[in-house]
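With numbering that gives the first Met the number 0, the residue at position 125 of the sequence shown is 124, and numbering never jumps. Note that CB positions come from ideal geometry on N, CA and C, so glycine has one too. A short write-up of the structure that comes next.
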Amino acid sequence: MDYKTTYKINRLLVQFQSLSSKLFHRMDFSIGRPPQLIPVRIKNRPMQKTTYAPVRFFIALVFFSATFLIQAQEKTKFEPRYSGTVSGDVTMIANNVLNQHPTNAYHGNTDNQDGTGVYVDIDGDATTFNSSSANLVNPEPGAGCLEFVKVYLYWAASDKEAGGSTLNDDSWDFDKIKLQLPGQSSYATVTADQVIYRGRDEHFYNDPYICMKDITADVTSLSDPYGKYQVGNLKAAHGGLNPHNGGNFG
0 MDYKTTYKIN RLLVQFQSLS SKLFHRMDFS IGRPPQLIPV RIKNRPMQKT
50 TYAPVRFFIA LVFFSATFLI QAQEKTKFEP RYSGTVSGDV TMIANNVLNQ
100 HPTNAYHGNT DNQDGTGVYV DIDGDATTFN SSSANLVNPE PGAGCLEFVK
150 VYLYWAASDK EAGGSTLNDD SWDFDKIKLQ LPGQSSYATV TADQVIYRGR
200 DEHFYNDPYI CMKDITADVT SLSDPYGKYQ VGNLKAAHGG LNPHNGGNFG
């Protein structure tokens, strides 16, 4: 691998790692944003008949509430999530769990705090109070040697304590989420490997939290890792949130 390629990959890793500690004050999404996929370009050298060089890449799955307060503060110091030299790239898929309608996409242009958020719920499952999904598409369908190095699941939301116009359900733990991988027909409940930040601990505005789970082993064991990644029961304040001076909603 030459110097330029190494520099580019290391830069991508830094961008990916910074997501873990700065997610809640870097994201700026509108309510009801439809599922999105950030495509990835993978540099794959032509394979010789007797030499196989797997192209490796990272995946970040991000599910979040659309209405949590963003402050220009770093509440948790940055720590590298993974360190290593990889011939590959990074991709991310994401979606939200709050909207102005449980299933219909929002096409307006009002600010998040001007609407009343309700849970997105697409699965028709009575055991979930919200659900959302995003699709992972094979970035190089013609390549036969793709390898997932790390797959991280992040979820984040406002977990504002009960009171005012903000509603919440304390019967579900914020550090747990239901996960359904491609090809699966039921959920598994997973618990965060790390709570990166929880605003309730210091009564930070609207009490945002960020959780992370390493699901690399679960994904690499699938016969086909491409397709729909779905989550349910992502704990989030719904109803209305009040803006504060110096803060924005996203």
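Going by C-alpha to C-alpha distance, which of the options sits closest to residue i?
i	options	result
E139	D122, A155, T90	T90
Y153	N137, F147, D174	D174
Q324	Y228, A125, N108	It is not possible to answer for residue 324, since the shown part of the chain is limited to 0 through 249.
A155	L145, V148, D172	D172
R80	V150, H202, P224	V150
V230	S184, D158, G107, T109	S184
D158	T109, N108, R197, G123	R197
G123	G83, V85, Y186, T219	Y186
T188	K212, F203, E201, G107	K212
Could you tell me which residues DSSP puts in a beta bridge with residue i?
i	result
I195	According to DSSP, I195 bridges with nothing at all.
E201	None; E201 has no bridge partner.
I176	V189
Y228	A133
G107	Answer by DSSP bridge pairing: none, since G107 is not bridged.
G116	G238
Write down the C-beta distance between residue i and residue j rounded to the nearest angstrom, noting that I regard them as a contact closer than 8 Å.
i	j	result
V136	Y225	6 Å
P181	L145	Rounded, the Cβ-Cβ distance is 15 Å, inconsistent with contact.
T127	K177	6 Å
Can you find at least 3 beta carbon pairs, one from the segment 226 to 235 and one from the segment 90 to 102, that sit closer than 8 Å?
-> yes
Taking three-plus beta-carbon pairs below 8 Å as touching, is the segment 190 to 197 in contact with the segment 127 to 145?
-> no
Taking contact to mean at least 3 C-beta pairs separated by less than 8 Å, is the segment 196 to 207 in contact with the segment 138 to 152?
-> no
May I ask you to verify whether the segment 100 to 108 touches the segment 118 to 125, counting CB pairs closer than 8 Å and requiring at least 3?
-> yes
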